[in-house]
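J.: Have a look at this one.
Protein chains: 2
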Amino acid sequence: MAEVVERRGQILEAAFEEFASKGFKGATIKSIAGAAGLQSPALIYHYFPDKEALFNAVLEVHAPMRSTVDDADSLLDLPPGTVLPKIARAYFATASNPTNQRMMRLMVGEAMRRPGVADMLGRATAERGLDFLKSYLSRQVQLGRLRPHDTRSSARAFLGMLIPQAAGMVLFPALLTDGLTDDEHVGAVVEIFLGGLEPER
Amino acid sequence: MAEVVERRGQILEAAFEEFASKGFKGATIKSIAGAAGLQSPALIYHYFPDKEALFNAVLEVHAPMRSTVDDADSLLDLPPGTVLPKIARAYFATASNPTNQRMMRLMVGEAMRRPGVADMLGRATAERGLDFLKSYLSRQVQLGRLRPHDTRSSARAFLGMLIPQAAGMVLFPALLTDGLTDDEHVGAVVEIFLGGLEPER
DNA sequence: TCTTATATATTGAACGATCAATCAAGGGAG
DNA sequence: CTCCCTTGATTGATCGTTCAATATATAAGA
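Heads up: the sequence lines are chains L and R, in that order. Going by this note's numbering, the first sequence wraps up at 227, each residue one higher than the last. Going by this note's numbering, the second sequence wraps up at 227, each residue one higher than the last.
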């Protein structure tokens with residue numbers, strides 16, 4: 027062998043790939059060992075107690091996922107005309123990343139069978155996306171840049187408007203057959219959103 | 027036994043339940059037979075050639091799913107202030123139906139592994155939801171009730187705005203912890219959408 | 001109507017394949 | 001010699017599927 031490799035990481039990466047494409051039940055210890063280049067599946071049990079633990083380890087490794095907005099607080103006082111497009115583009119960038127796409131497929135595929143995964147996924151988008159948006163939008167209402175309204179709805183609305191396009195990248199290419207580009211969609215969506223929430227009339 | 031039951035339908039229903047909660051790989055012929063009240067898994071093979079065929083039969087049975095909007099064409103000329111809330115409420119009603127929820131879980135869970143299922147799901151929402159919205163919104167632009175804009179974006183936007191709330195019902199309860207009701211959301215969303223697309227003043 | 005023949009429904013048992021997991025032994029580095 | 005890494009072989013369980021045998025229903029013949 028050319029070099030001493032980090033076996034554990036090697037196994038984790040192969041398991042990530044296998045779990046994402048075949049699901050927990052569909053991926054076998056043997057197939058993971060094969061994908062990792064091991065000569066025997068037994069080696070996996072030297073690094074992980076069992077298949078379940080390997081799965082959880084995979085989840086932990088890739089759990090962070092590039093956050094949609096990493097410099098959250100610094101955006102709080104900036105005007106929505108610049109912040110919302112920024113958020114939307116960051117969202118699409120996250121959805122375009124192949125590793126994130128695999129992670130999404132992995133989690134969505136297992137979320138039905140594993141309440142913990144569903145919770146992880148739900149909580150991630152809720153806390154990382156919706157909660158920030160809620161407080162940001164509330165702040166903008168406070169500043170008089172948006173008219174008073176229920177930010178629970180507007181936060182869902184803004185994030186939601188991006189979902190069909192993002193889902194098209196990750197899961198359902200059929201949604202993108204009309205050729206609308208991400209940038210076009212961001213522009214149109216922000217315009218609708220801000221037009222619908224502008225202060226006075 | 028009390029009555030002569032339709033074995034085939036009985037098996038299909040049990041298989042639906044099992045596939046939806048455990049996935050294709052997770053559901054076993056034996057567990058399906060048990061859920062259907064059969065004394066032997068062998069009987070399943072009298073009605074279906076194999077597990078794969080049983081799965082496809084389940085998909086076919088429940089494929090229709092109550093359409094979001096059944097009287098589509100009659101809505102084309104009605105004003106968006108009445109049509110959009112109607113669509114939104116129909117959407118939430120579909121998402122609240124327990125059978126539809128199971129079907130969604132089944133399809134979403136298998137969509138990762140089965141391109142055919144992903145296509146079915148993507149095409150269903152695209153053709154049944156987006157395409158109608160696109161033509162409806164275009165018609166409303168034509169009538170001067172909405173300002174000219176790219177209806178590929180606005181169709182995505184309107185449907186998307188509903189998704190976080192619907193996803194909360196079906197998969198991720200964590201999204202609904204702030205207690206926003208469906209009706210509140212429909213009202214707020216329609217207001218934002220129409221405000222953002224109202225004709226020039 | 002009673003019996004017989006035929007087709008369908010249902011069953012328990014069994015098959016080979018494959019799974020996750022175990023184990024004792026080999027191999028190389030220090 | 002010692003310790004950790006790695007391996008091939010193997011275990012018992014469970015999987016989808018098959019099969020021969022039985023039960024039940026339907027139809028025909030006398």
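Ideal Cβ placement from N, Cα and C applies to all residues, glycine included.
Should L/Leu188 be labelled buried (16 or more other beta-carbon atoms within 10 Å of its own) or exposed?
T.: It is buried - the Cβ of L/Leu188 has at least 16 other Cβ atoms within 10 Å.
J.: What residues from chain L crowd round R/Lys51, counting only those whose CB sits closer than 9 Å?
T.: The contacting residues are Lys48, Gly49, Phe50, Lys51, Gly52.
J.: Taking the alpha helix (DSSP H) that R/His88 belongs to, which residues open and close that run?
T.: Taken as a continuous stretch (DSSP letters only), the alpha helix (DSSP H) holding R/His88 covers 77-88.
J.: Does the distance from the C-beta atom of R/Gly49 to that of R/Gly142 stay below 8 Å?
T.: Going by C-beta atoms, R/Gly49 is not nearer than 8 Å to R/Gly142.
J.: Between L/Gln191 and R/Asp157, what straight-line distance do the alpha-carbon atoms span, to the nearest angstrom?
T.: If you take the alpha carbons of L/Gln191 and R/Asp157, they lie about 14 Å apart.
J.: Spatial neighbours of L/Pro105 within its chain, please: C-beta separation below 7 Å, excluding the five flanking residues on both sides.
T.: For L/Pro105, where only same-chain residues beyond five positions count, the Cβ hits under 7 Å are Arg171.
J.: Per DSSP, what kind of secondary structure is R/Met138 in: helix, strand or coil?
T.: In the structure shown, R/Met138 sits in coil (DSSP, three-state: anything other than H, G, I, E or B).
J.: Closest by CA to R/Thr151, which one among R/Leu132, R/Leu185, R/Ala137?
T.: Among R/Leu132, R/Leu185, R/Ala137, the Cα nearest to that of R/Thr151 is on R/Leu185.
J.: Give the residues from the stretch 174-187 of chain L that approach chain R closer than 9 Å (Cβ to any Cβ), ordered along the chain.
T.: Correct list: His175, Asp176, Arg178, Ser179, Ser180, Ala181, Arg182, Ala183, Phe184, Leu185, Gly186, Met187.
J.: Taking the straight line between their C-alpha atoms, what separation do you get for R/Asp103 and R/Arg165?
T.: Taking the straight line joining both Cα atoms gives about 7 Å.
J.: Exposed or buried, L/His211, counting other C-beta atoms within 10 Å across all chains shown (16 or more means buried)?
T.: Per the 10 Å Cβ criterion, buried.
J.: Give the interface partners of L/Ile113 over in chain R, defined as CB-CB distance under 9 Å, in chain order.
T.: Within 9 Å Cβ-Cβ: nothing; L/Ile113 doesn't reach chain R, min ~14 Å.
J.: Taking Cβ-Cβ distances below 9 Å as the criterion, which residues of the stretch 97-131 of chain R are in contact with chain L?
T.: Correct list: Arg131.
J.: Can you give me the C-alpha to C-alpha distance between L/Ile37 and L/Phe74, rounded to a whole angstrom?
T.: So the alpha carbons of these two residues sit roughly 10 Å apart.
J.: So, at 6 Å on beta carbons, what are the nonlocal neighbours of R/Ile58 in its own chain, with the 5 sequence-adjacent residues on each side left out?
T.: Contacts found: Ala40, Ala41, Glu44.
J.: Between which two residues does the alpha helix (DSSP H) holding R/Glu44 run?
T.: Note, R/Glu44: alpha helix (DSSP H), 33-52.
J.: Are the C-beta atoms of R/Phe219 and some chain L residue less than 8 Å apart?
T.: Chain L, which has a Cβ nearer than 8 Å to the Cβ of R/Phe219, makes this yes.
J.: Using 8 Å for Cβ pairs, my map puts R/Phe198 next to L/Ala61. What's the rounded Cβ distance?
T.: Not a contact, Cβ separation roughly 30 Å.
J.: In the DSSP assignment, the alpha helix (DSSP H) including R/Leu163 goes from what residue to what residue?
T.: Start and end: 157-168.
J.: Classify R/Ser57 as helix, strand or coil using the three-state DSSP reduction.
T.: Correct three-state label for R/Ser57: helix.
J.: Is the Cβ-Cβ distance between L/Ala214 and L/Leu201 less than 8 Å?
T.: Taking 8 Å as the Cβ cut-off, L/Ala214 and L/Leu201 do not qualify as a contacting pair.
J.: Roughly how many angstroms lie between the CA atoms of R/Ile218 and R/Gly107, to the nearest whole one?
T.: Rounded to the nearest angstrom, the two C-alpha atoms are 12 Å apart.
J.: For L/Met133 and R/Leu169, I'd like the C-alpha separation in whole angstroms.
T.: C-alpha separation (whole angstroms): 44 Å.
J.: Compute the Euclidean distance between the alpha carbons of L/Asp76 and L/Lys56, then round it to the nearest angstrom.
T.: Going by the C-alpha atoms only, they are around 13 Å apart.
J.: Looking at chain R, is there any beta carbon in it that lies within less than 8 Å of the beta carbon of L/Met195?
T.: Answer no: the Cβ-Cβ gap between L/Met195 and chain R never drops below 8 Å.
J.: Between L/Ile189 and chain R, is any beta-carbon pair separated by less than 8 Å?
T.: Chain R, which has a Cβ nearer than 8 Å to the Cβ of L/Ile189, makes this yes.
J.: So, with DSSP's three-state summary, where would you put R/Ala192?
T.: Helix.
J.: With R/Arg173 and R/Leu223 assumed to form a contact (beta carbons below 8 Å), what rounded beta-carbon distance in angstroms separates them?
T.: Right, their Cβ atoms sit about 6 Å apart.
J.: Closest Cβ-Cβ distance between R/Arg149 and chain L: below 8 Å?
T.: True, the Cβ-Cβ gap to chain L drops below 8 Å.
J.: Along chain R, which residues have their Cβ under 8 Å away from the Cβ of L/Asp209?
T.: Chain R residues near L/Asp209: none, gap ~11 Å exceeds 8 Å.
J.: Rank L/Asp176, L/Ser100, L/Thr125, L/Gly63 by C-alpha distance to the C-alpha of L/Val84 and give the top, closest one.
T.: L/Val84 has its Cα closest to that of L/Thr125, out of L/Asp176, L/Ser100, L/Thr125, L/Gly63.
J.: Can you list, in chain order, the residues of its chain with a C-beta nearer than 6 Å to that of L/Lys160? Leave out the 5 residues immediately preceding and following it.
T.: Within the same chain, L/Lys160 has close Cβ partners Thr177, Ala181.
J.: Please report the straight-line C-alpha distance between L/Gly52 and L/Met130, rounded to a whole angstrom.
T.: Cα to Cα, the separation comes out at about 17 Å.
J.: Taking Cβ to Cβ, would you say R/Leu64 is nearer than 8 Å to R/Tyr162?
T.: Not in contact: R/Leu64 and R/Tyr162 (Cβ atoms no closer than 8 Å).
J.: Assuming L/Ala121 and L/Val196 form a contact by the criterion Cβ under 8 Å, report the distance between their Cβ atoms to the nearest whole angstrom.
T.: That belief holds up - the Cβ atoms of L/Ala121 and L/Val196 are roughly 6 Å apart, short of 8 Å.
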